[in-house]
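In the numbering used here, the protein residues as written are 11 to 640.
All residues carry an ideal CB built from backbone N, CA and C; glycine is no exception.
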């Protein structure tokens with residue numbers, strides 16, 4: 011096995027040779043003439059002149075060897091359905107949807123908004139767009155009408171694809187009424203809306219001349235043959251709007267060739283997925299993880315991918331492990347939030363099923379605290395790999411890379427910079443590289459590697475201003491995250507630069523304090539925010555979810571504060587610890603720290619269109635009221 015440090019160094023110092031090798035992992039219709047065009051910094055074009063197609067690499071190229079292998083397994087615990095499609099069947103379904111889209115006027119370069127639940131038809135639609143050179147923009151099926159309208163106006167789609175509804179915890183979530191409202195609000199609505207009926211909305215309205223019924227159109231195109239449109243490597247593949255943005259949404263634009271190569275490479279070297287194996291990623295296609303590691307990545311690798319509609323505790327907390335056993339998943343990818351939910355359940359569910367097929371569990375989405383990392387590692391008895399990346403990068407920035415070297419896991423750390431990323435920890439004050447154990451901004455020296463965003467859709471200037479203007483002396487990409495590196499070269503993410511708490515001149519990452527609070531055995535998870543303080547500038551407030559009912563809040567609060575004292579010192583002690591039964595989160599599992607902070611400071615909590623449970627925010631309000639009367 012190779013030495014990872016040498017492997018990484020080669021990816022930075024011999025960039026062209028390195029990426030030429032990785033590019034051989036995908037099929038090219040026309041070979042590229044130049045590995046990288048970096049004549050217009052910070053904009054990078056990878057594999058210049060090469061022509062390929064994401065759908066071809068995900069589906070067509072596997073037909074000769076594995077047409078009968080399962081490609082897509084759909085499981086819904088919401089509507090109690092299971093369906094599977096071989097690569098051959100997926101090929102037919104994608105071509106049918108591609109023909110349907112063409113009949114509705116969609117052509118190369120057109121944008122298609124996909125606003126759908128976790129159903130196979132959403133996968134078909136994404137791959138069909140890729141097949142004919144249309145640019146898909148998947149919007150998470152839960153965003154409110156105004157948020158959807160903003161994305162429509164930015165992308166200016168010719169077609170929208172939706173369903174009558176989704177389902178959450180057994181309750182129907184009606185999509186079509188949201189779509190109708192968003193199109194009334196939008197200044198640039200699409201000419202056509204294609205609607206897949208699931209039977210969840212019996213009173214669904216239909217707009218004559220605009221709305222098209224999927225089930226009525228589909229039979230006309232059974233057996234359709236639609237060839238792949240070959241795209242130059244740097245042409246756009248999709249737009250994905252970053253969640254949680256205020257004002258004008260940021261459309262992350264991705265290319266075709268660079269993305270395909272990055273995914274193929276990461277599937278082999280990071281996730282260690284082999285053709286014929288199964289990958290189970292518990293995300294949603296509305297988020298970047300769903301794009302990269304439910305749809306494109308596993309299929310490019312010739313794997314079976316599981317598309318799951320449901321939550322981790324319904325019908326019970328064993329459902330995920332049941333699916334691992336049933337489909338012999340070798341790779342699993344989830345989020346720390348979900349693992350913390352499972353941590354609160356009966357541990358017997360983890361022992362009920364045979365999960366010996368699993369080689370690794372990967373976790374990403376927000377920082378993984380050490381106690382949770384330890385718990386799930388011990389429970390599964392396999393390497394649990396924390397890794398760190400962003401919507402903007404499309405694939406991991408920091409991770410162990412077991413396909414190159416099986417490096418030891420450090421709990422709470424996403425390990426090392428991934429090959430291709432010239433990662434820097436830069437001091438905010440002078441843009442100089444930080445020493446070990448010194449907090450600094452996680453930055454990447456351009457060019458960004460293949461697979462990362464190429465620009466903000468329709469706004470190159472905004473791309474440069476947003477991501478490359480943190481440091482006046484250097485043009486580097488800012489992740490807007492704080493990090494440190496220990497003496498062994500392992501990295502730790504400490505939270506957003508704008509989530510940093512400045513207590514009397516001392517910078518404290520929210521992650522550090524959250525981890526310290528979670529060290530108390532009674533605490534399941536917590537969120538820490540900084541609030542204005544007349545004496546110290548800011549003070550941390552902690553909002554904690556206990557594992558059981560709290561009988562004596564004052565006693566537990568003192569114990570938690572003592573735990574923080576021991577872990578970090580008195581400087582990091584929260585001003586107060588409030589106990590709630592759940593934290594406000596987005597539907598993708600990210601804690602709404604800014605909204606919590608706003609409430610704590612008596613401000614408007616801001617845009618809450620993506621909140622999972624509005625009742626969680628009400629709990630925060632009540633806890634703060636209760637605290638003020640102490």
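What would DSSP say about residue i, mapped onto helix, strand or coil?
i, result
"residue 224", "helix"
"residue 263", "strand"
"residue 364", "coil"
"residue 65", "helix"
"residue 133", "helix"
"residue 585", "coil"
"residue 23", "helix"
"residue 271", "helix"
"residue 276", "helix"
"residue 231", "helix"
"residue 383", "helix"
"residue 650", "Residue coverage of the chain in this structure runs from 11 to 640, which leaves residue 650 outside it and unanswerable."
"residue 189", "helix"
"residue 397", "coil"
"residue 632", "helix"
"residue 14", "helix"
"residue 139", "helix"
"residue 48", "strand"
"residue 489", "strand"
"residue 479", "coil"
"residue 166", "coil"
"residue 178", "strand"
"residue 331", "helix"
Would you decide whether residue i is buried or exposed? Buried here means 16 or more other CB atoms lie within 10 Å of its CB.
i, result
"residue 384", "exposed"
"residue 39", "exposed"
"residue 376", "buried"
"residue 480", "buried"
"residue 259", "buried"
"residue 545", "exposed"
"residue 294", "buried"
"residue 24", "exposed"
"residue 324", "exposed"
"residue 398", "buried"
"residue 15", "exposed"
"residue 424", "buried"
"residue 509", "buried"
"residue 256", "Note that residue 256 has pLDDT 37, beneath the 50 cutoff, so the model's placement of it is unreliable and the number below is only indicative. Under this definition residue 256 is an exposed residue."
List the whole-angstrom C-beta distance separating residue i from residue j, where the pair is believed to meet the contact cut-off of C-beta under 8 angstroms.
i, j, result
"residue 319", "residue 529", "So it is not a contact: roughly 35 angstroms between Cβ atoms."
"residue 313", "residue 288", "6 angstroms"
"residue 17", "residue 429", "6 angstroms"
"residue 487", "residue 477", "5 angstroms"
"residue 224", "residue 210", "The pair is not a contact, with the Cβ atoms about 14 angstroms apart (cut-off 8 angstroms)."
"residue 411", "residue 279", "5 angstroms"
"residue 153", "residue 620", "6 angstroms"
"residue 352", "residue 322", "6 angstroms"
"residue 183", "residue 296", "Actually they do not touch by this definition, with Cβ atoms about 13 angstroms apart."
"residue 250", "residue 62", "That pair is no contact at about 20 angstroms."
"residue 116", "residue 169", "5 angstroms"
"residue 437", "residue 450", "5 angstroms"
"residue 453", "residue 489", "7 angstroms"
"residue 541", "residue 549", "6 angstroms"
Going along the chain, which residues of its own chain have a beta-carbon closer than 6 angstroms to the beta-carbon of residue i, five neighbours each way excluded?
i, result
"residue 199", "193"
"residue 535", "350 and 555"
"residue 94", "80 and 83"
"residue 277", "283, 307 and 311"
"residue 246", "145 and 263"
"residue 503", "377, 398, 491 and 493"
"residue 98", "77"
"residue 628", "none"
Residues in its own chain within less than 7 angstroms of residue i by CB, not counting five upstream and five downstream?
i, result
"residue 602", "594, 595, 596 and 621"
"residue 214", "174 and 186"
"residue 22", "432"
Please tell me whether, using a cut-off of 8 angstroms, the distance from the CB of residue i to the nearest non-hydrogen atom of the ligand ZN is below it.
i, result
"residue 596", "As presented, the structure is devoid of all ligands, the ligand ZN included, so that no description of it is given."
Contact between the stretch 153-169 and the stretch 107-123 is defined here as three or more beta-carbon pairs at a separation below 8 angstroms; is this criterion met? yes
Do the stretch 566-576 and the stretch 596-613 meet, that is, are 3 or more Cβ pairs less than 8 angstroms apart? no
Answer yes if the stretch 267-278 comes into contact with the stretch 78-95, meaning at least three C-beta pairs across the two stretches below 8 angstroms, and no otherwise. no
Would the stretch 351-371 count as touching the stretch 298-316 if we require 3 or more Cβ pairs under 8 angstroms? no
Report yes or no: do the stretch 448-466 and the stretch 54-73 share at least 3 C-beta pairs separated by less than 8 angstroms? yes
Given 8 angstroms, three or more beta-carbon pairs between the stretch 103-113 and the stretch 234-243: yes
When the Cβ atoms of the stretch 624-634 are set against those of the stretch 586-603, are three or more pairs found closer than 8 angstroms? yes
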